[in-house]
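Down below is the structure, laid out as structure tokens.
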Amino acid sequence: SRVLTVGAAQLGPIALNESRKVVVERLVSLLEQAARHGCDLVVYPELALTTFFPRWYFEDQAQVDAFFERQMPGPDTQPLFDTARKLGVGFCLGYAELTQEDGRARHFNTSILVDQAGEIVGKYRKVHLPGHAEHEPWRAFQHLEKRYFETGNLGFPVFRAFGGVIGIAICNDRRWSETYRVMGLQGVEMVLIGYNTPVHNPPAPEHDNLSNFHNELVMQAGAYQNGTWVVGVAKAGHEEGVDQIGNSIIVAPSGEIVGACSTLGDELAIARCDLDLTQSYKNTVFNFAMHREPHAYGLIVER
Ligand code: ING
2 SRVLTVGAAQ LGPIALNESR KVVVERLVSL LEQAARHGCD LVVYPELALT TFFPRWYFED
62 QAQVDAFFER QMPGPDTQPL FDTARKLGVG FCLGYAELTQ EDGRARHFNT SILVDQAGEI
122 VGKYRKVHLP GHAEHEPWRA FQHLEKRYFE TGNLGFPVFR AFGGVIGIAI CNDRRWSETY
182 RVMGLQGVEM VLIGYNTPVH NPPAPEHDNL SNFHNELVMQ AGAYQNGTWV VGVAKAGHEE
242 GVDQIGNSII VAPSGEIVGA CSTLGDELAI ARCDLDLTQS YKNTVFNFAM HREPHAYGLI
302 VER
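Here full-length UniProt numbering = 1-based position in the sequence shown + 1.
Here you go:
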């Protein structure tokens, strides 16, 4: 067996005016708690350093850019990397990435994988950006990810780390079966997913009461259909006027939920995840080589 002890480090609300220094102290506290419980890896939510700023329309790009990190680690986040190295606990962190590529400024909704030596061993940029690109005042709150971020340009990579094959996805990605299958085809054994999910979805309020059900449904399905562990971690609670779901969970390759948070605040849920349990599904019911029929799936990748 290859047991990886994983901590789902759910965060409660982050206020608009909360400094990165204070937020990083909350992250470090969860990392220290995880170390005390023998965790090897801690998973933080999407955009874990700031409030979920796409809920507002900003005219001034400088105001938007203030939510982005220009270097990782930077002065504010270095303490998290130092603690990871000191305690020998790796982590997955979501943040807004501002970088210069092809001679221009690029904005991505990014997540990195950091190993137990405090080194970045993987990076992913969110592919499925939900919401809208223009100000839509009819909404109780905005969801302007299509305005503030570019579509991720790194594909869905997997990384050899923590004794297994680790994949990363971000929030809305978890609702799309293709996300898991592209990583499943690369042998992924654990997918790490942070999210900020409002209870209310303005275009479809009739779904609101099913928010937690849909959250669990998509991650349980993704886990089972690809024989992989899935760790989903929320930024939860009433954040700047918007209620966001918690429901952070750790899902086994069987599709069973084996760990879960039960509050809407900063909370660590822990599970001992044997990566070898993936084989029972990858070698039988979801033996892709034996059972998949790609010739029949063309429509999925046609524009
Ligand atoms: N948030 C939400 C998510 O996919 C959403 C957007 C909410 C889509 C509710 C559909 C229904 O979980 C992010 N940040 O993607």
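The C-beta atom is built at its ideal place from N, Cα and C for all residues, glycine as well. Keep in mind it's a predicted model, so treat the numbers as computed, not measured.
- Using a cutoff of 7 Å, the CB of E146 counts as near ligand 1, since one of the ligand's heavy atoms is closer than that.
- In this chain, the beta strand (DSSP E) harbouring Q101 covers G91 to E102.
- Between G195 and Y45, the C-beta gap is smaller than 8 Å, which places the two residues in contact.
- Per DSSP, reduced to three states, the secondary structure at T6 is strand.
- Each of K124, L94 and A272 was checked against the Cα of V25, and the nearest Cα belongs to L94.
- Judged by their CB atoms, V219 and R175 are nearer to each other than the 8 Å cut-off.
- Distances from the alpha-carbon of A36 to those of R107, V234 and V7 put V7 closest.
- Comparing alpha-carbon positions, the option among L276, P74 and F53 lying closest to V192 turns out to be L276.
- Relative to ligand 1, the nearest heavy atom lies less than 7 Å away from the CB of Y196.
- In this structure, the alpha-carbon of A118 lies about 27 Å from that of A261.
- In the structure shown, M191 adopts extended strand secondary structure according to DSSP, grouped into three states.
- If one requires a minimum length of 3 residues, the beta strand (DSSP E) runs lying completely within the segment 185-240 are 191-196, 230-235 and 238-240, in chain order.
- The beta carbon of A272 is closer than 7 Å to those of V7, I251, V259 and G260 in its chain, skipping five residues each way along the sequence.
- In terms of CA proximity to F54, N18 leads the group H38, R71, N18 and E179.
- The DSSP assignment places complete alpha helix (DSSP H) segments of no fewer than 4 residues inside the segment 120-189 at 146-149 and 178-185, in order along the chain.
- Contact annotation: the segment 202-210 does not touch the segment 151-166, with fewer than three C-beta pairs closer than 8 Å.
- By the neighbour-count definition (other C-beta atoms within 10 Å, threshold 16), K22 is an exposed residue.
- The beta-bridge partner set that DSSP reports for L269 consists of A10.
- Relative to the non-hydrogen atoms of ligand 1, the Cβ of P199 comes within a distance shorter than 7 Å of at least one.
- Rounded to the nearest whole angstrom, the C-alpha separation of T285 and S112 is 32 Å.
- P199 has its alpha-carbon roughly 23 Å from the corresponding atom of V43.
- Per DSSP, the unbroken beta strand (DSSP E) holding L42 starts and ends at L42 to V44.
- T52 sits close to E240, with the two beta carbons spaced by under 8 Å.
- The three-state reading of DSSP puts H296 in helix, counting H, G and I together.
- Bridge partners of I251 according to DSSP: V232 and G260.
- At least one heavy atom of ligand 1 lies closer than 7 Å to the C-beta of E47.
- Contact annotation, H201 with D209: C-beta distance approximately 5 Å; criterion of less than 8 Å satisfied.
- Here DSSP, grouped into helix, strand and coil, assigns R56 to helix.
- DSSP links S112 through a beta bridge to G95 and Y125.
- Relative to the non-hydrogen atoms of ligand 1, the Cβ of P131 comes within a distance shorter than 7 Å of at least one.
- Residue pairing of D277 in beta bridges, as defined by DSSP: absent, with no partner found.
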